[in-house]
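Protein chains in written order, with UniProt numbering: chain A, 1 to 233; chain B, 1 to 233; chain C, 1 to 233; chain D, 1 to 233. Where is the CB? At the ideal position from N, CA and C, for every residue including glycine.
Number of protein chains: 4
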Amino acid sequence: MPSPSSTLQRTTPRRASTAHRVQDLLAAARRVFSEHGYQGATTALIAQAAGVSEATVFTYFAGKRELCIQVITDWYGEISAELERDVPRLPGVHAKLAHVVRAHLVTLLADGSGLCALVLSEGRAAEPELAAVIADCKRRYTAPLMHALAEGQAQGLVRQDMPLRLLRDLVYGAMEHVLWDAITTLKRPRIDTTAEQLTELIWSAIAPRDASLSALMRLRDEVTQALRHAQPS
Amino acid sequence: MPSPSSTLQRTTPRRASTAHRVQDLLAAARRVFSEHGYQGATTALIAQAAGVSEATVFTYFAGKRELCIQVITDWYGEISAELERDVPRLPGVHAKLAHVVRAHLVTLLADGSGLCALVLSEGRAAEPELAAVIADCKRRYTAPLMHALAEGQAQGLVRQDMPLRLLRDLVYGAMEHVLWDAITTLKRPRIDTTAEQLTELIWSAIAPRDASLSALMRLRDEVTQALRHAQPS
Amino acid sequence: MPSPSSTLQRTTPRRASTAHRVQDLLAAARRVFSEHGYQGATTALIAQAAGVSEATVFTYFAGKRELCIQVITDWYGEISAELERDVPRLPGVHAKLAHVVRAHLVTLLADGSGLCALVLSEGRAAEPELAAVIADCKRRYTAPLMHALAEGQAQGLVRQDMPLRLLRDLVYGAMEHVLWDAITTLKRPRIDTTAEQLTELIWSAIAPRDASLSALMRLRDEVTQALRHAQPS
Amino acid sequence: MPSPSSTLQRTTPRRASTAHRVQDLLAAARRVFSEHGYQGATTALIAQAAGVSEATVFTYFAGKRELCIQVITDWYGEISAELERDVPRLPGVHAKLAHVVRAHLVTLLADGSGLCALVLSEGRAAEPELAAVIADCKRRYTAPLMHALAEGQAQGLVRQDMPLRLLRDLVYGAMEHVLWDAITTLKRPRIDTTAEQLTELIWSAIAPRDASLSALMRLRDEVTQALRHAQPS
DNA sequence: TATGAATGAGGGTTCATTCAT
DNA sequence: CATGAATGAACCCTCATTCAT
Chain A
1 MPSPSSTLQR TTPRRASTAH RVQDLLAAAR RVFSEHGYQG ATTALIAQAA
51 GVSEATVFTY FAGKRELCIQ VITDWYGEIS AELERDVPRL PGVHAKLAHV
101 VRAHLVTLLA DGSGLCALVL SEGRAAEPEL AAVIADCKRR YTAPLMHALA
151 EGQAQGLVRQ DMPLRLLRDL VYGAMEHVLW DAITTLKRPR IDTTAEQLTE
201 LIWSAIAPRD ASLSALMRLR DEVTQALRHA QPS
Chain B
1 MPSPSSTLQR TTPRRASTAH RVQDLLAAAR RVFSEHGYQG ATTALIAQAA
51 GVSEATVFTY FAGKRELCIQ VITDWYGEIS AELERDVPRL PGVHAKLAHV
101 VRAHLVTLLA DGSGLCALVL SEGRAAEPEL AAVIADCKRR YTAPLMHALA
151 EGQAQGLVRQ DMPLRLLRDL VYGAMEHVLW DAITTLKRPR IDTTAEQLTE
201 LIWSAIAPRD ASLSALMRLR DEVTQALRHA QPS
Chain C
1 MPSPSSTLQR TTPRRASTAH RVQDLLAAAR RVFSEHGYQG ATTALIAQAA
51 GVSEATVFTY FAGKRELCIQ VITDWYGEIS AELERDVPRL PGVHAKLAHV
101 VRAHLVTLLA DGSGLCALVL SEGRAAEPEL AAVIADCKRR YTAPLMHALA
151 EGQAQGLVRQ DMPLRLLRDL VYGAMEHVLW DAITTLKRPR IDTTAEQLTE
201 LIWSAIAPRD ASLSALMRLR DEVTQALRHA QPS
Chain D
1 MPSPSSTLQR TTPRRASTAH RVQDLLAAAR RVFSEHGYQG ATTALIAQAA
51 GVSEATVFTY FAGKRELCIQ VITDWYGEIS AELERDVPRL PGVHAKLAHV
101 VRAHLVTLLA DGSGLCALVL SEGRAAEPEL AAVIADCKRR YTAPLMHALA
151 EGQAQGLVRQ DMPLRLLRDL VYGAMEHVLW DAITTLKRPR IDTTAEQLTE
201 LIWSAIAPRD ASLSALMRLR DEVTQALRHA QPS
């Protein structure tokens with residue numbers, strides 16, 4: 001194997017400007033981290049993917065961890081900026097929810113599936129600094145919708161009998177699980193349909209409770225209790 | 001420097017039956033994998049935790065990966081068996097859901113948080129075999145509730161306008177997110193409250209759309225069950 | 001080069017007891033550190049000298065620095081123990097000095113020349129821990145003679161008009177320079193003669209000043225001053 | 001990330017003559033080698049200190065080793081020239097000794113402590129060429145005093161029962177040890193006092209053995225010198 | 001000339017795994 | 001059977017040096 005890079009197209013000339021090299025490396029690193037996770041991604045692999053020597057990686061980044069942090073920060077920066085721009089403009093909680101759900105699925109199914117996995121995986125031990133960065137990014141990413149939900153609660157447009165935190169877990173948990181499924185089964189769902197369905201499902205959960213339903217629930221409880229008392233034991 | 005186990009109390013006699021050795025190793029491995037994750041758990045650590053030499057680990061298991069697979073399989077086996085035993089006995093979809101949610105939170109927050117994190121983290125790259133095993137386990141683990149939901153859909157007790165797969169994503173996604181939150185923020189939520197709230201939230205999402213009809217159906221369902229209990233004994 | 005160790009005699013069998021391996025590694029490390037200094041000594045070189053793989057070095061020692069510390073500590077331990085045993089038994093300061101000088105030359109010219117250089121070289125930056133260890137060792141090594149000199153001063157057998165520290169600098173500085181000379185010029189001096197001469201030279205410096213000499217010195221000062229005043233400028 | 005020199009003030013204009021560049025680089029290199037030692041000084045550090053790019057260093061010097069050799073040669077050249085100029089003018093061996101001792105301490109404690117350490121440390125392994133250069137420089141540096149001592153021996157003003165080499169070891173060994181002590185303990189001794197005491201201590205060692213005779217000889221020596229000065233002008 | 005860019009060669013260290021005893 | 005001992009294969013990272021521009 002005389003030239004290990006012979007099968008790899010080099011996207012930049014052998015001698016490139018700093019800006020180009022940085023972009024190249026970040027792109028390569030994003031791919032490699034996506035595919036292999038943090039631990040599985042070696043600096044050698046990243047260098048190879050970028051078509052440079054391993055040492056060059058360290059010319060531009062302080063180390064593997066810093067490179068990964070940059071990759072994640074950049075990625076979250078992109079998708080967060082989109083949401084921060086679009087979500088506030090949308091009218092009503094339901095529309096905002098629908099947009100976030102759709103954007104999430106589109107973004108992550110499109111190119112970020114690996115990064116999504118990376119983020120889900122590396123959100124814990126062995127690299128606390130990484131975990132902290134991820135936590136920060138996630139906070140920013142979820143902020144637009146969380147803000148809308150909080151406002152919705154205040155205005156009675158979102159049910160108030162559940163802590164906001166739990167609503168967030170429901171929304172993002174459901175979305176992540178859908179993605180996870182898509183990733184692990186390698187089946188790409190029809191995004192439009194799935195997004196609409198998921199939005200509706202979530203909306204059913206977080207919309208305010210109907211008064212008559214509540215009354216019936218109370219009735220149910222009473223009946224249940226009465227039956228329980230009526231039984232022997 | 002060798003002989004790291006000299007200062008460790010041995011939990012089993014020097015000569016133990018093969019079965020005991022295996023159990024010891026599995027118990028030790030479960031602890032270590034829980035605390036350190038797959039990559040962070042070294043065979044040295046596991047051997048030390050089991051009070052045996054590193055080589056002994058390889059006498060009983062083909063390698064680190066196989067050991068981890070066994071640990072995960074065993075653990076999922078335990079919690080799946082519980083669900084398989086208890087869920088079918090419960091009356092009505094709502095009760096089943098409530099039970100699964102509660103059991104999930106109890107199990108994972110109680111002792112399994114590390115394993116939960118392991119499963120969530122390692123369900124991917126670098127160890128495809130592990131990922132496959134985890135996927136299988138998850139399928140079995142979710143089966144009881146999925147079965148109930150499918151039946152519920154058939155009987156009109158669960159909304160039929162959503163694919164079952166999406167209901168599953170909602171249920172388990174929400175639960176996992178709650179757990180993940182607890183794990184990463186190191187805050188243990190009040191399990192009872194959280195379980196009830198989460199159940200209600202999910203139920204709101206998956207109950208049939210005509211709310212009053214739905215409520216009445218559940219009422220009928222429960223009354224029927226109660227009567228059934230009231231008669232035979 | 002099919003087998004890199006083919007030209008090296010292995011002093012221990014391929015599988016040796018821990019104690020033997022440790023001794024082997026320490027001996028090999030002593031040689032390599034002696035010849036190449038701390039920075040120049042690579043773990044690969046040490047492993048090769050010991051006839052083991054590089055990884056084996058790390059089985060027995062926490063790292064290069066710890067290994068070097070052990071080497072230095074051991075070596076100083078040996079030669080310090082000798083002095084601590086022999087010096088106090090000798091009658092009189094002069095005899096003790098003579099013994100220390102001779103022992104120093106013998107020891108360091110015999111096998112320790114490289115270690116001497118190592119100790120002289122590495123007594124500063126880049127490895128503060130190493131420097132600290134060396135400083136400690138040196139203190140212990142010089143203690144027996146320093147003790148004798150202090151006593152000598154107290155009893156008037158050693159001149160009292162010089163700080164003890166300066167006496168130490170004279171004694172050990174002179175010895176080290178002799179060694180350094182021998183090392184760099186690769187000429188081994190006749191130890192007996194050199195030791196005797198050096199002892200005498202040092203003794204002349206540290207013996208109490210003769211009274212008449214002092215008087216003459218005072219006279220000289222007065223004459224000098226007088227002449228200075230007598231001159232024009 | 002490149003362009004590390006952007007935050008450094010440039011000490012010379014962008015276009016400087018070759019001579020200036022060389023001087024700048026040598027000055028920067030002297031500082032860096034002083035502070036970090038040979039191995040610890042990186043070419044990057046030196047270039048940064050000189051306000052030029054790393055590649056420029058190699059435009060003017062063949063490599064790190066050659067640069068270091070130049071630095072050491074220059075430095076020794078300076079201090080040797082001083083001694084070569086001053087020492088022969090001083091009257092008598094004792095005065096010459098006193099001057100050398102004082103100059104040595106002043107020079108090395110003042111600005112050259114780092115270089116002193118460099119010279120002491122690097123006078124050996126891993127860089128034989130460097131060691132050879134240092135040896136040469138040292139020979140030149142010690143020559144003035146050695147010449148005086150040799151003459152002193154010839155005239156009976158210095159004891160003749162010791163080889164000159166040993167006298168040198170005593171003189172320079174003691175001085176170096178004093179310096180080493182100052183460097184490693186970071187305590188700067190009072191130079192005047194230390195120089196006087198050290199001179200006296202050494203003088204006691206190298207003065208002719210018959211103490212009173214010796215003293216008288218020195219007296220005669222000094223009177224003679226004084227008279228010589230008193231007459232011509 | 002001066003340099004931005006790139007790298008080959010190696011450094012210390014880790015760890016799952018093997019094997020003779 | 002259990003293990004002490006040993007290691008191959010990588011890993012992340014450093015740095016003096018080269019070269020096209």
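- Leu149(C) is not a Cβ neighbour of Val178(C), given a cutoff of 8 Å.
- Cα atoms of Pro144(D) and Gln23(C): separation of roughly 48 Å, rounded to the nearest angstrom.
- Within the region 161–175 of chain D, the residues whose Cβ lies closer than 9 Å to any Cβ of chain C are, in chain order, Asp161, Met162, Pro163, Arg165, Leu166, Leu167, Arg168, Asp169, Leu170, Val171, Tyr172, Gly173, Ala174, Met175.
- Glu127(D) counts as buried, since no fewer than 16 other beta carbons sit within 10 angstroms of its beta carbon.
- Shown here is that no member of the region 145–160 of chain A has a Cβ falling below 7 Å from a Cβ of chain B.
- Between Ile191(C) and chain D, the shortest Cβ-Cβ separation is not below 8 Å.
- Excluding sequence positions up to five before and after Gln160(C), its CB lies within less than 6 Å of the CB of Gln153, all in the same chain and listed in chain order.
- Interface residue (Cβ-Cβ distance to chain B less than 8 Å): Gln23(A) is not classified as such.
- Minimum Cα-Cα distance from Trp75(C) among the listed residues Asp169(C), Leu108(C), Glu200(C) corresponds to Leu108(C).
- Counting along the chain, the unbroken alpha helix (DSSP H) around Thr194(A) starts and ends at 191–206.
- DSSP places Val52(A) in the coil class of the three-state scheme, outside both helix and strand.
- Annotation: Cβ neighbours of Ile202(C) in chain D (cutoff 8 Å, chain order): Leu170, Ala205.
- The count of Cβ pairs closer than 8 Å, one atom from the region 41–61 of chain A and one from the region 89–109 of chain A, stays below three, leaving the stretches out of contact.
- Met146(A): member of the alpha helix (DSSP H) spanning 128–154, first to last residue.
- In this structure Leu186(C) is exposed. Its beta-carbon is surrounded by fewer than 16 other beta-carbon atoms within 10 angstroms.
- Not a single CB atom of chain C sits nearer than 8 Å to the CB of Ala143(D).
- Counting other Cβ atoms within 10 Å of its Cβ, Gly51(A) reaches 16 or more and is therefore classed as buried.
- Put simply, the region 82–90 of chain D does not touch the region 55–72 of chain D. Fewer than three CB pairs are less than 8 Å apart.
- Residues of chain A whose Cβ lies closer than 8 Å to the Cβ of Val178(B) are, in chain order, Leu166, Asp169, Gly173.
- Setting aside the 5 residues that flank it on each side, Gly114(C) is surrounded in the same chain by Ser34, Glu35, each with a C-beta closer than 6 Å to its C-beta; the list follows chain order.
- Of the residues assessed, Leu130(A) falls on the buried side of the cut-off, its CB having 16 or more other CB atoms within 10 angstroms.
- In the three-state reduction of the DSSP assignment, Glu122(A) falls in the coil class.
- Taking the Cβ atoms as the reference, Ala29(C) lies roughly 5 Å from Leu67(C), within the contact range of under 8 Å.
- Taking a C-beta distance under 8 Å as the contact criterion, Arg140(C) and Ser53(C) do not qualify as a contact pair.
- At a cut-off of 4 residues, the continuous stretches assigned as alpha helix (DSSP H) that sit fully inside the UniProt domain "HTH tetR-type" (19–79) of chain D are 43–50, 54–60.
- For the pair Gly173(D) and Gly173(C), the CB atoms are nearer than the 8 Å cut-off.
- Counting only Cβ-Cβ distances below 8 Å, Ala195(D) has no contacts in chain C at all, with the closest Cβ about 11 Å away.
- For chain B, the residues of the UniProt domain "HTH tetR-type" (19–79) of chain A that bring a beta carbon within less than 8 Å of one of its beta carbons are Glu35, His36, Gly37, Gln39, Gly40, in chain order.
- Cβ-Cβ distances below 7 Å link Arg102(B) to Ala195 in the same chain, with the five nearest sequence neighbours on each side left out; the list follows chain order.
- A direct Cα-Cα distance of roughly 15 Å separates Leu166(B) from Leu97(B).
- Within chain C, the residues Leu166 have their CB atoms less than 7 Å from the CB of Leu198(D), given in chain order.
- The shortest CA-to-CA distance from Ile134(C) to any of Leu118(C), Arg190(C), Ala55(C) is the one to Leu118(C).
- With a 10 Å radius around the Cβ and a threshold of 16 neighbouring Cβ atoms, His99(A) comes out buried.
- In the displayed model, Leu90(B) falls within coil according to three-state DSSP, outside both helix and strand.
- Take Arg31(C), set aside five residues on each side of it, and the residues of its chain with a beta-carbon closer than 7 Å to its own are Ala49, in chain order.
- Within the same chain, Cβ atoms closer than 8 Å to the Cβ of Ser121(C) are found at Gly37, Tyr38, the five residues on either side in sequence being excluded.
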